[in-house]
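I have placed the structure first, in the form of C-alpha cells, so that the comments after it can refer back to it.
There are 2 protein chains.
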Amino acid sequence: MAPGPTPLPPEVIAAAAQQMQFARTPTFVAAQEDAIASLRRVAQTEQGEPLIFAATGSGAMASAVTNLVAPGQKVIMASCGNFGERWVKIAADHGVEVVHLAFAWGSQVDPAAVATAVADHPDAEVVFTTQSETSTGVVNDIKAIREAAGDRIIVVDAVSGFGVVDLPMDAWDIDVIVTGSQKGLMTPPGLGIAIAGPRALERADELGSGGYYFGWKRTLDGQNTGRTPFTPAVSLVFQLQVALARIEAEGLDAVFERHRILGRACREGVRALGLEVLADENPEAGVVTGVLAPSETDGKAIMSQLKAQSQIQVAGGQGDLSGKIFRIGHCGWFSFYDILTTLSALELALAALGRDVEVGAGVSAAQRVMAAAAAG
Amino acid sequence: MAPGPTPLPPEVIAAAAQQMQFARTPTFVAAQEDAIASLRRVAQTEQGEPLIFAATGSGAMASAVTNLVAPGQKVIMASCGNFGERWVKIAADHGVEVVHLAFAWGSQVDPAAVATAVADHPDAEVVFTTQSETSTGVVNDIKAIREAAGDRIIVVDAVSGFGVVDLPMDAWDIDVIVTGSQKGLMTPPGLGIAIAGPRALERADELGSGGYYFGWKRTLDGQNTGRTPFTPAVSLVFQLQVALARIEAEGLDAVFERHRILGRACREGVRALGLEVLADENPEAGVVTGVLAPSETDGKAIMSQLKAQSQIQVAGGQGDLSGKIFRIGHCGWFSFYDILTTLSALELALAALGRDVEVGAGVSAAQRVMAAAAAG
Chain A
1 MAPGPTPLPP
11 EVIAAAAQQM
21 QFARTPTFVA
31 AQEDAIASLR
41 RVAQTEQGEP
51 LIFAATGSGA
61 MASAVTNLVA
71 PGQKVIMASC
81 GNFGERWVKI
91 AADHGVEVVH
101 LAFAWGSQVD
111 PAAVATAVAD
121 HPDAEVVFTT
131 QSETSTGVVN
141 DIKAIREAAG
151 DRIIVVDAVS
161 GFGVVDLPMD
171 AWDIDVIVTG
181 SQKGLMTPPG
191 LGIAIAGPRA
201 LERADELGSG
211 GYYFGWKRTL
221 DGQNTGRTPF
231 TPAVSLVFQL
241 QVALARIEAE
251 GLDAVFERHR
261 ILGRACREGV
271 RALGLEVLAD
281 ENPEAGVVTG
291 VLAPSETDGK
301 AIMSQLKAQS
311 QIQVAGGQGD
321 LSGKIFRIGH
331 CGWFSFYDIL
341 TTLSALELAL
351 AALGRDVEVG
361 AGVSAAQRVM
371 AAAAAG
Chain B
377 MAPGPTPLPP
387 EVIAAAAQQM
397 QFARTPTFVA
407 AQEDAIASLR
417 RVAQTEQGEP
427 LIFAATGSGA
437 MASAVTNLVA
447 PGQKVIMASC
457 GNFGERWVKI
467 AADHGVEVVH
477 LAFAWGSQVD
487 PAAVATAVAD
497 HPDAEVVFTT
507 QSETSTGVVN
517 DIKAIREAAG
527 DRIIVVDAVS
537 GFGVVDLPMD
547 AWDIDVIVTG
557 SQKGLMTPPG
567 LGIAIAGPRA
577 LERADELGSG
587 GYYFGWKRTL
597 DGQNTGRTPF
607 TPAVSLVFQL
617 QVALARIEAE
627 GLDAVFERHR
637 ILGRACREGV
647 RALGLEVLAD
657 ENPEAGVVTG
667 VLAPSETDGK
677 AIMSQLKAQS
687 QIQVAGGQGD
697 LSGKIFRIGH
707 CGWFSFYDIL
717 TTLSALELAL
727 AALGRDVEVG
737 AGVSAAQRVM
747 AAAAAG
C-alpha cells in the first residue's frame, strides 16, 4: 500500500516472464506503437506525442526542463510538496532562473498566485507544476492552474496521478504531461514518459538539444521510424502495453471513479479512528492518503507495526514530514478491499501501540462510503 | 543471435516473474547491494563504485561525459565505429571540444595515435574510447590504450564487452567503465552502469553536478544509504543480481574463455563458407562477429533469409555498413551449439540465395575449433 512502485496485475507480471526479443523486431515495434497509442488515449490527446524513455519519472521530468528551457531563461514553478520542489532542483541544476511559488506541504497550489506570477513575469515562458503531490496526497486543480497560466506553456508532473485522476490534455490545453510506469500505470519502474503537445515540441526544436540521452526530437524521430535512438527497455514496454490495455478495458471514467472512491473510503476510515488526513478534502484526491501521526506515537512506529503485525507496507513522510505522517498509496491496481484490509490493520496497529481506538470504526466508515458508492 | 538485447537465462526470466516490491524494503536494498558487490568483482576492482541508473548504456555513457567534463573543456576520443562515434556526439551535445581520433570502421584504435594526441594536447584531461565496438566486432587493446593515455583519466565504453572480455579495472588502471544490462550481463535492457574509480569520482565532485538525473555524487550517496535518489528499476535490479550470480558461478576466467572460443568458432565457420569477417583477427573478439556480405547478395537479404528459413535473428550493419555486413552476436548466454546452429542456418540461407556454398564446411570448421578447445 505504498504509492509506487505499485503492485502488478498478474498479466503484467506474465508479460515479463518471456524470453527477450531483439529490439528491432516487428513484434516489439508493434508493442511500442500500441503502448504509445494507448498513452495518447489515456491522456485524451490527439496531437500529444508520448515519448518513452528508459528512465524513471524523474528522468522524464528532467527532460521537460532541459528540452524546454535554456540555462539563464526564467520559468515559473508552483509547488506544494517534495515533488513540486524537485522541479526547482532540476531547474537549479540546469542553470534556470526560477520564480518559485512554494505552497506549504499539505496545501494546494493557489491558481491566483500563478496568475499574478504570470502577469509579473512576462519573460517566464514556461510554467511547471504538479498534479498529484505524492509526498502529501494533495491533488491540484490543474484546470484552474492552466487557465491562470494564460498563454504560457504548462508542464504538469502527473507521475503518480496519470491514469488515476482525470487530466484531459487537449480539453484543458496542457502542453506537457510527465509520468512514470510504476504508479497508476501498474508497470515496474524504469519507464519515464513525457507526452508533449505541438507547442512544446516546437519550442524544444527551436531550443536545440535537450541533452543527448533525453533529447525529445531524437526520441520522437526514432519512435516514428520504429527505431528508438537507444535500446528501449523491451520487457518494460511489453508490460506497459499490457497494463494500458487493462486500463482501457476497465474504461477511463471507471478508473477515475474507482480511485475517487478509494480515496474517500480511505480518508473516512482514517478519520473515524481519530486521525487527521494531511491534505484538505478534495474529491479528486484518490492517489495517496497522507495521515498525520497522532502526537503520542509517530509515523515510523505505525509503519513498523503495520509491517510486523499485518505485513502491510505503507510509506513514510518525506523531508520535514518524516516521522510526522505516513502515506497509504492507492493508485493503480487497488480495489476497495485493499483499503478495508489496510484500515483493519491500522486499527489493530494503533491498538497494539496503546492508542485508545474504537476497533471497527475505521472499517465501518469505509464500508459506508463503499455502500453509498454502490447505491450510486 | 543479435548483439543485444541478448537472451535471458531461465532464472533471470523467473526473477521478473514476481510481484513488485516497494523500493525501500530491506529485501530490495540487499539485492541492489549484492548486485553492486558482484559488479565490482566482475570489474576486478576494490575501489571502483558501480553506479546503477534506470537508463540504457547510452545514458551511462552520457553520464560519464557530463560528470567528468564541463562545456568548453577539451577531451580526446578514440573511435573505430558507431559506438565510438557516439562518444563524440554526446560530447558535441554537451559543448565539449573533442580531439577525435577516428579510425576506420572495422579497424582497431591505434594506441600510438592516442599517445601522440595526449602529448599534443596537455589540456585534454580525459580520454574516451571503446572496448568492444559492437558495430563491427572489433575489440580494442584497452591495456595498451590506457598506457598510451599516460596520466589522463580514461573512460572505457564496455557496453557489449563487460562480463565478456577481460577488463581488469584496477590492474590496468582504468578510471571509468561504462556498461549496460542487456549484453554480457544477460538482463533486459533498462539499466545503465558506470563504474567509477577514485580519481574519476573526485573530478566529478569538483566539477559539480553532472546533470540532475545522471549526477554521480547524488547516485552514489543514495546507493550508500540504501535510498537511491530516484525510484530504482526494481525488477531489472533483481534480474541483474541473478544474472551476475550466474557469471560468478561459472567463473570469470571461464566466461572470458568461453567467449574467446565462441568468437573463434564463429569466425572460422564463416570463413569456411567463403565469407570475410569484417574485423581483423583478434583472439579477444568474442563479443560479436561482423560478416561482410558477398558482393552478389547483400547483408539484409541474408538476414531476412535466416529469419524466414530458420527463425534466427542476426543484426544488420549500422551507418555506412548498412546492407554491407551482418552481425552475429555471441555475448552473454550463448554456448558453442548456438554458433553451430547459426552457421548451419547460414549455410542453408546462402544456398537458398543461390550462392555456391559447400554445405557442411562452416559447421565442420567450427566443430574443429571446439574440438581443439576441448582438447586444451
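Line order of the protein sequences matches chains A and B.
Every letter in the first sequence is one number past the one before it in our numbering, and letter 216, counting from 1, is 216.
Every letter in the second sequence is one number past the one before it in our numbering, and letter 300, counting from 1, is 676.
Ideal Cβ placement from N, Cα and C applies to all residues, glycine included.
{"query": "Cα-Cα separation, B/A495 to B/V464", "result": "20 Å"}
{"query": "Pair within 8 Å by beta-carbon distance, A/D93 and B/S585", "result": "yes"}
{"query": "A/T341 versus A/F326, A/G316, A/L350 and A/S310, residue with shortest Cα-Cα distance", "result": "A/S310"}
{"query": "Cross-chain neighbours of B/Y713 in chain A, by beta carbon under 8 Å", "result": "Simply none; closest approach about 17 Å."}
{"query": "Host alpha helix (DSSP H) of A/F336 (start-end)", "result": "F336 to A352"}
{"query": "A/I153 - partner residues in DSSP beta bridges", "result": "A/V126"}
{"query": "Chain-ordered residues of the stretch 589-623 of chain B with a beta carbon less than 7 Å from chain A", "result": "Y589, F606, T607, P608, A609, V610, S611 and L612"}
{"query": "Inter-stretch contact at 8 Å, needing at least 3 Cβ pairs: the stretch 78-87 of chain A / the stretch 190-210 of chain A", "result": "no"}
{"query": "Counted within 10 angstroms of its Cβ, other Cβ atoms place A/Y213 as buried (16 or more) or exposed", "result": "buried"}
{"query": "Status (buried if at least 16 other CB within 10 Å, exposed otherwise) for A/S322", "result": "exposed"}
{"query": "Endpoints, beta strand (DSSP E) assigned at A/L101", "result": "E97 to A102"}
{"query": "Rounded Cβ spacing between A/G405 and A/A233 (contact assumed at less than 8 Å)", "result": "Missing from the structure shown is residue 405 of chain A; chain A here goes from 1 to 376 and no further."}
{"query": "DSSP beta-bridge partners of A/I325", "result": "A/L292"}
{"query": "Inter-residue spacing [alpha-carbon to alpha-carbon] between A/A285 and B/P447", "result": "44 Å"}
{"query": "Selected residue, minimal CA-CA separation from B/G738, among B/V503, B/A641, B/P670 and B/L612", "result": "B/A641"}
{"query": "With 16 other Cβ atoms within 10 Å as the buried cut-off, status of A/N224", "result": "exposed"}
{"query": "Local conformation of B/P426 per DSSP, three classes", "result": "strand"}
{"query": "Cα-Cα separation, A/V109 to B/S439", "result": "34 Å"}
{"query": "Limits of the beta strand (DSSP E) - the one that B/I678 falls within", "result": "B/I678 -> not in any beta strand (DSSP E); alpha helix (DSSP H) instead, spanning G675 to S686."}
{"query": "8 Å Cβ cutoff, B/S434 in contact with chain A", "result": "yes"}
{"query": "Span of the beta strand (DSSP E), counted from its first residue to its last, around B/T555", "result": "V552 to G556"}
{"query": "Proximity below 8 Å, CB of A/I302 to CB of A/L353", "result": "yes"}
{"query": "A/I154 beta carbon less than 8 Å from that of A/V127", "result": "yes"}
{"query": "Beta-carbon proximity of B/G556 to B/I571, cut-off 8 Å", "result": "no"}
{"query": "Segment contact, 8 Å Cβ cut-off, at least three pairs: the stretch 46-63 of chain A with the stretch 97-113 of chain A", "result": "no"}
{"query": "In DSSP terms, what A/A194 is bridged to", "result": "A/L51 and A/V178"}
{"query": "Residues that B/M679 contacts on chain A, provided the C-beta gap is smaller than 9 Å", "result": "Under the 9 Å cutoff, chain A gives no residues; its nearest Cβ is about 10 Å from B/M679."}
{"query": "Contact check, B/I715 vs B/G645, beta carbons under 8 Å", "result": "yes"}
{"query": "C-beta contact flag for A/K74 and A/V99 at 8 Å", "result": "yes"}
{"query": "Closest by C-alpha distance to A/G299, when choosing among A/I328, A/P283, A/A279 and A/N282", "result": "A/I328"}
{"query": "B/D499 CB to nearest heavy atom of the ligand ATP below 7 Å", "result": "This structure lacks the ligand ATP; in fact it carries no ligand of any kind."}
{"query": "A/N82 versus A/V138, A/T45, A/A243 and A/R40, residue with shortest Cα-Cα distance", "result": "A/V138"}
{"query": "For A/W105, the residue or residues it bridges with in DSSP", "result": "A/S107"}
{"query": "Check whether A/I247 and B/Q395 have beta carbons under 8 Å apart", "result": "no"}
{"query": "Per DSSP, cross-strand counterpart(s) of A/I76", "result": "A/V99 and A/V127"}
{"query": "Buried or exposed (CB count within 10 angstroms, at least 16 for buried), B/T512", "result": "buried"}
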